[in-house]
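Worksheet for the structure shown next.
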Amino acid sequence: MKKTRAFDPAESRPTVGGRIFTGLIYFLLYLPIFVLIAFSFNASKSRSVWTGFTFKWYGELFRDSGIMSSFYLTLILSLAAAAVATVLGTFAAVGFYGMKRRWRAAFLEVNNIPLMNADIVTGVSLCLMFVAGRAILGYELGFGTLLIAHLTFDIPYVILSVMPKLYQLDRNLVDAAQDLGCTWLQAFFKVVLPEISPGIVNGAIIAFTMSVDDFVISYFTAGSKIMTLSMRIYSMTRKRVPPTINAVSTILFVSVLLLLVIINVRETRQEAAKKRRQLN
Amino acid sequence: MKLIKFRSALAAALVFALVFALTACGGTGSGSAASGSGAASASSGAASSAQKGGEVNVYNWGEYIDEGLNDQFEKATGIKVNYTTFDSNESMYSLLKSGGSSYDVIIPSDYMISRLIQEGMLEKLDFANIPNFSLIDDKYKKLEYDPTNEYSVPYTSGTVGLIYNTKVVTGTVDSWSLLFDEKYSGQILMFDNPRDAFGIALKYQGHSLNTTDEGELNSACELLRSQHPYLQGYVMDQIFNKLESGEAAIGPYYAGDYLTMLDTNPDLAFCRPKEGTNWFVDAMCVPKGAKNKANAEAYINFMCSTDACLANMKEIGYTSANKEACEKYAADLDAAAYDIMFPTEEELKNCEIFTNLPAETLALYDKLWIEVKA
Chain A
1 MKKTRAFDPA ESRPTVGGRI FTGLIYFLLY LPIFVLIAFS FNASKSRSVW TGFTFKWYGE
61 LFRDSGIMSS FYLTLILSLA AAAVATVLGT FAAVGFYGMK RRWRAAFLEV NNIPLMNADI
121 VTGVSLCLMF VAGRAILGYE LGFGTLLIAH LTFDIPYVIL SVMPKLYQLD RNLVDAAQDL
181 GCTWLQAFFK VVLPEISPGI VNGAIIAFTM SVDDFVISYF TAGSKIMTLS MRIYSMTRKR
241 VPPTINAVST ILFVSVLLLL VIINVRETRQ EAAKKRRQLN
Chain B
1 MKLIKFRSAL AAALVFALVF ALTACGGTGS GSAASGSGAA SASSGAASSA QKGGEVNVYN
61 WGEYIDEGLN DQFEKATGIK VNYTTFDSNE SMYSLLKSGG SSYDVIIPSD YMISRLIQEG
121 MLEKLDFANI PNFSLIDDKY KKLEYDPTNE YSVPYTSGTV GLIYNTKVVT GTVDSWSLLF
181 DEKYSGQILM FDNPRDAFGI ALKYQGHSLN TTDEGELNSA CELLRSQHPY LQGYVMDQIF
241 NKLESGEAAI GPYYAGDYLT MLDTNPDLAF CRPKEGTNWF VDAMCVPKGA KNKANAEAYI
301 NFMCSTDACL ANMKEIGYTS ANKEACEKYA ADLDAAAYDI MFPTEEELKN CEIFTNLPAE
361 TLALYDKLWI EVKA
């Protein structure tokens, strides 16, 4: 039998058609964002007629107390939710990792429920719980309930991104560290944590993005005093959405882009350094 | 398009949530709600006796205020304003019903106010705390939705009219017939909600837009169905882009929004059809069990002041209910814009406010609307 060479994507050269196709896909994927960014500089309020270049919507954005307070709220909430979820999620993942296989599978299945569940069901059920609890405990729906709600869907993402890193971890490493005199806690911080840190960072970023992104669950749990940015934008449809929203979205997009670039550059540098160390 | 789809999905979800909340709580729910409002009134008494400024939770339409006014109110009174916004009367209603809210001031539209009054969800206002109510134009007082005017203070009002592109439409325009004219097939836009769409059809056929008569509604449905092939689409906010860019030439929308569109496309013109149209009033109310009722009344009073109304009118472009503010605003307005913002008594006689329809009529609306859009 004649031996055929297996298809290897890494070896195959991209054709011209392939390149155009790839370019087209990226273009279409990012087109809406480019349109949004372009119209944040449009002189008139129109979102279809280009009437000139201006920075005035950025100026107005910083003067709009409603949008700005929502912007800060969203930022603080997402950072807090991501931070807490990262810590809790990481420990939960380590706990799952130490469980017997059967229990671990069961818990991971439960962990998936908040991810698979429709947002609306999560939102409504949290709302009902908070309203019922309010009658007994006498608190008000607000930042606290919003944070708890965000944690419920942030933590599973962190667990999901940390677990694979734990599976990759050589179990013998922890034993070796303990053999060499580490306490369990020292072994965790000196051996396990550095190994799984890419998963933790990833989990934190996903949790942050999910929190910024969420509308439905926030809508049901924010109470009557505060509004996240997505809630604010959504409610602006009585009059049409003003270009200040394009401005704030542009700022958000550029910041996330910068964040990703920084993280990527750091990772490549770290990997390069690691390789050099291994070579020496 | 996407937004509208999302909105209807959300509306459905809210209805679902509401049903959930009602069934889940059931009998105990109403019990706990009652005890909750009892506790609320006790704490409101404590708050007003403490007089340390406190706060007020305001729930208004999105983009429906000069936001500087909230800061001014905070400075003047020391009361903190927690300002949140909604996108439709219906979503506001569901949130209010779900019991998760604690608003002190809400600003719904006419027909929703009458529904809230009917369901006992509003607090009677203490007009001794709202002296600026005297500045409100008498024609906005004691309207159908609040006949004794005990529950609401008007905020803004406006009329629906016909907006058209003078480069495309020739001849004089004074009738809704333009919307049903085959000549402009493919250039016409229509409201994407049953109440407004049927309102226009009913008015055009010479009926009340609050009719409960099945025959009248059926004939309006026929008219709308015959219009469907000529339409470019059913729209709400997208009408701004379509008319400004010239993509479409004819569509019904609010007078205040026409002036905004005119800034971008000077070829647009506005007309209040001779058959009459819908005019709306959005008014400030206090929901039952509000914790900061005195603060809410202070806020309402502030928003009725001439300066606040003038600032709002400049920002939103809808007609204020404050007579003096309208006169000051009109002073800087050219005659054409004046006629658009301020319909004459004669024109207003022809216009109707939406009232809350009985459940069976609303069900018929839903059924007919599906037929129209099919």
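One line per chain: the protein sequences are A and B, in this order. Taking this note's numbering, the leading residue of the first sequence gets 1, the next gets one more, and so forth. Taking this note's numbering, the leading residue of the second sequence gets 1, the next gets one more, and so forth. Beta carbons are placed, not taken as given, at the ideal position from N, Cα and C, and that holds for glycine.
Alpha-carbon spacing of residue i relative to residue j, whole angstroms
i         : j         : result
Ile239(B) : Met261(B) : 9 Å
Glu352(B) : Leu162(B) : 16 Å
Met112(B) : Asn149(B) : 15 Å
Asp87(B)  : Val121(A) : 21 Å
Asn202(A) : Ala272(A) : 20 Å
Pro377(B) : Gln227(B) : No information on residue 377(B) is available, as it lies outside the stretch 1 to 374 that chain B covers here.
Ala247(A) : Phe39(A)  : 9 Å
Ser245(B) : Leu252(A) : 28 Å
Ala93(A)  : Ile206(A) : 16 Å
Leu125(B) : Ile300(B) : 10 Å
Ile76(A)  : Ser219(B) : 55 Å
Ile245(A) : Lys139(B) : 37 Å
Ala132(A) : Val160(B) : 42 Å
Met68(A)  : Phe55(A)  : 17 Å
Tyr26(A)  : Arg19(A)  : 11 Å
Arg269(A) : Lys275(A) : 10 Å
Thr145(A) : Leu231(B) : 46 Å
Arg171(A) : Pro194(A) : 14 Å
Glu267(A) : Ile200(A) : 13 Å
Gly377(B) : Pro194(B) : Since the displayed chain B opens at 1 and closes at 374, residue 377(B) lies outside it and no answer follows.
Tyr83(B)  : Gly53(B)  : 16 Å
Leu126(A) : Leu95(B)  : 14 Å
Phe188(A) : Gln178(A) : 10 Å
Ser44(B)  : Ser98(B)  : Annotation note: pLDDT 36 at Ser44(B) (below 50); position unreliable, no value reported.
Ala106(A) : Phe130(A) : 27 Å
Ala47(B)  : Val81(B)  : Because the pLDDT of Ala47(B) is 36, which lies under 50, any placement of that residue in the model is unreliable, and the question is left without a value.
Pro147(B) : Ala149(A) : 43 Å
Exposure label - residue i; buried when at least 16 CB within 10 Å
i         : result
Glu63(B)  : buried
Val286(B) : buried
Leu260(A) : exposed
Trp184(A) : exposed
Ser255(A) : exposed
Met116(A) : exposed
Phe376(B) : Chain B is shown from 1 up to 374; residue 376(B) falls before or after that span and cannot be answered.
Ala204(A) : buried
Ala222(A) : buried
Ser134(B) : exposed
Beta-carbon contacts of residue i that lie in its chain and below 8 Å, excluding the five residues immediately before and after
i         : result
Ala197(B) : Met190, Phe191, Leu224, Tyr234, Trp369 and Val372
Ala330(B) : Tyr338, Met341 and Phe342
Pro358(B) : Thr212
Arg104(A) : Phe96 and Tyr97
Within 7 Å, strictly: CB atoms of residue i and residue j
i         : j         : result
Pro243(A) : Trp57(A)  : yes
Ile130(B) : Glu297(B) : yes
Thr212(B) : Thr361(B) : yes
Asp110(B) : Val281(B) : yes
Ala294(B) : Leu69(B)  : no
Val162(A) : Thr90(A)  : yes
Leu141(A) : Gly100(B) : yes
Tyr155(B) : Ala283(B) : yes
Ile196(A) : Leu166(A) : yes
Gly251(B) : Gly317(B) : no
Asn165(B) : Ala249(B) : yes
Thr264(B) : Val241(A) : no
Leu36(A)  : Ser249(A) : yes
Met313(B) : Ser320(B) : yes
Residues near residue i in its chain [Cβ-Cβ closer than 6 Å; skip 5 each side]
i         : result
Asp104(B) : Val56, Asn57, Ala290, Asn292 and Ala296
Leu229(A) : Ser70, Phe71 and Thr74
Thr85(B)  : Asn60 and Gly62
Ser185(B) : Tyr230
Ile107(B) : Asn60, Tyr155, Asp282 and Met284
Chain-order list of residues whose beta-carbon lies under 7 Å from that of residue i (same chain, five-residue window excluded)
i         : result
Leu151(A) : Ala81, Val84 and Ala85
Lys203(B) : Trp176, Leu209, Glu275, Gly276 and Thr277
Gly31(B)  : In this prediction, Gly31(B) has a pLDDT of 34, which is less than 50 and means its spatial position is unreliable; what the coordinates show is noted afterwards. Excluding positions up to five away in sequence, the list is empty.
Lys167(B) : Asp267
Chain C contact for residue i (CB, 7 Å cutoff)
i         : result
Met236(A) : No chain C is present in this structure, whose protein chains are A and B.
Report yes or no: do three or more beta-carbon pairs, one from the stretch 108-127 of chain A and one from the stretch 214-229 of chain A, lie closer than 8 Å? These segments touch.
Counting pairs of beta carbons, one from the stretch 152-159 of chain A and one from the stretch 100-116 of chain A, are three or more of them closer than 8 Å? At 8 Å Cβ cutoff, the stretches touch.
Any contact of the stretch 267-284 of chain B with the stretch 166-179 of chain B, i.e. 3+ C-beta pairs under 8 Å? At 8 Å Cβ cutoff, the stretches touch.
At least 3 beta-carbon pairs within less than 8 Å: the stretch 71-79 of chain B vs the stretch 89-101 of chain A: No, the stretch 71-79 of chain B is not in contact with the stretch 89-101 of chain A.
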